[in-house]
Every structure is written in C-alpha cells, then in structure tokens.
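Trainee: In the working numbering, the protein residues as written are 208 to 403.
Beta carbons are placed, not taken as given, at the ideal position from N, Cα and C, and that holds for glycine.
1) Looking only at its own chain, which residues have a Cβ that is under 6 Å from the Cβ of residue 358, when we skip the five neighbours before and after it?
2) Could I get the ranges of all uninterrupted alpha helix (DSSP H) runs contained in the stretch 253-323, with 4 residues as the minimum, in chain order?
3) Under 8 Å: do the stretch 265-277 and the stretch 216-230 share three or more Cβ pairs, one atom per stretch?
4) Please state whether DSSP places residue 367 in a helix, a strand or coil.
5) Compute the beta-carbon to beta-carbon distance between residue 317 and residue 304, rounded to the nearest angstrom, for a pair I have assumed lies under 8 Å.
6) Mark residue 209 as exposed unless 16 or more other C-beta atoms lie within 10 angstroms of its C-beta, in which case mark it buried.
7) Kindly indicate which three-state DSSP category residue 210 falls into: helix, strand or coil?
8) Could you give the C-beta distance for residue 367 and residue 310, rounded to a whole number, given that I count them as a contact under 8 Å?
9) Name the residue from 228, 259, 299 whose alpha carbon lies nearest to the alpha carbon of residue 281.
10) Kindly indicate which residue of 328, 271, 247 has the alpha-carbon position closest to the one of residue 284.
11) Which word fits residue 269, buried or exposed, when buried means at least 16 other C-beta atoms lie within 10 angstroms of its C-beta?
12) Within the same chain, show all residues whose beta-carbon is closer than 6 Å to that of residue 242, passing over the 5 residues directly before and after it, in chain order.
13) Could you check how far apart the C-beta atoms of residue 244 and residue 233 are, in whole angstroms? I think they sit under 8 Å.
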C-alpha cells in the first residue's frame, strides 16, 4: 500500500499508553540522500518544550486508517536529541516544490506530491506537475524511485525519457516471421529441397 505525502499531513498520532490521540502530523522530514522519511513534526496543545515535537519513524508501531500508533508521548523527541534528524532539519530540505529535469536538462515539471511505502517509509514515486504547454497533453507524471538519478537543493534529476522509450521499444521487439532470403542457412536448406 502506498500513501500520498499530502494524506500523511493531518494524520492523528495515537498513543497506546493514553488510549487517545496526542497530536497531528504537520510535516514529513525527508532525508534527501536516501529519499526516505526519517521523522514527522507534529503539533498538539499538550506538547511542550520538554516533550519535543518530533516523532522518529522508528517509534511508529503501525500505520492504519485511524492514524499512526505509537507507544507513548515519551517517543517524541526534540530537534537536538537525534543527530541525524538535526542534520536533516539544518538542510531545510523539502521534496515538494523541487524542479524535475532529465540528465539532458529537459524540464519535466515540479514535484507536487510523492508516495511513500508505510512499511519502510521510503519515497516510492514522485508526482510531477507538468509545465503549462506540456500539461495540455499530459498534466501529471508519475516518476518511480528507480528513475531518480540525483537530488539537490533545487532539482531532482531523472533518467532521460527518450533513451528509456527507445530501450523499451527495442526490448519488446520480437520478429514473428523468418525471411529465408535474409538467413543464409534457411535459404540453402530450401534450395536443397528444390534440387531433390
């Protein structure tokens, strides 16, 4: 099951200890080096400075239609408690809004959303809004994780479209007939049959 990032925002965080919701997701924190969610920023009237407002993904026991289930409020941390989260937050990285280009610098559009696998919390697909002229033909592109080559502060670089189309066309080509005039072995066999 894949979940849109836009659907994750606003999800309830449910505590097994309290047996009630403790807050809602306001932001997903994505590591640009591996394209996976490492934590969630949450908001709640009960959260204070000592509790923290960051939920590491390792603390999520289960994701369901009700929301994300965690053990207790003690799973929440401050920005400075976990070094990896602190480093990613300093980057101020946001996947949504980045321009998407090919290796040949062809502009494909901007990331408007992405899908995530709730088992591993990896980004699986990028949803790309096409530029104005290209959007008349194809308003959105869905780009698989395997097509992403590089991610930086401003752009996501993906494999070239043209090369992929050519490779797919060549891989799918299977001849459905044999021309005896092209294959010398078959042509000599048919000549022997004629001589007999």
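Mentor: The structure says:
1) Working through the chain shown from its first residue, we reach residue 358 at position 151. So the list reads 239, once near-sequence residues are dropped.
2) 290-298
3) yes
4) What you label residue 367 is simply residue 160 of the chain shown in a count that begins at 1. Residue state, collapsed to three classes: coil.
5) Here the question's residue 317 lines up with position 110 in the chain shown. Here the question's residue 304 lines up with position 97 in the chain shown. With 8 Å as the limit, residue 317 and residue 304 qualify as a contact, their Cβ atoms being about 6 Å apart.
6) Within the chain shown, the letter at position 2 stands for residue 209. Answer is exposed; the Cβ neighbour count stays below 16.
7) Stepping through the chain shown from its first residue, residue 210 is reached at position 3. Residue state, collapsed to three classes: strand.
8) In the chain shown, the residue the question calls residue 367 occupies position 160. In the chain shown, the residue the question calls residue 310 occupies position 103. Right, the Cβ-Cβ distance comes to about 5 Å (below 8 Å), so this counts as a contact.
9) Taking the first residue of the chain shown as 1, we reach residue 281 at position 74. The candidate whose alpha carbon is nearest that of residue 281 is 259.
10) Mapped onto the chain shown, residue 284 falls at position 77. Among 328, 271, 247, the Cα nearest to that of residue 284 is on 247.
11) On the chain shown, position 62 is the one that residue 269 refers to. Burial call: exposed.
12) Stepping through the chain shown from its first residue, residue 242 is reached at position 35. These residues qualify, in order along the chain: 330.
13) Translated into the one-based positions of the chain shown, residue 244 becomes position 37. Translated into the one-based positions of the chain shown, residue 233 becomes position 26. At roughly 14 Å, the Cβ-Cβ gap does not stay under 8 Å, so residue 244 and residue 233 are not in contact.
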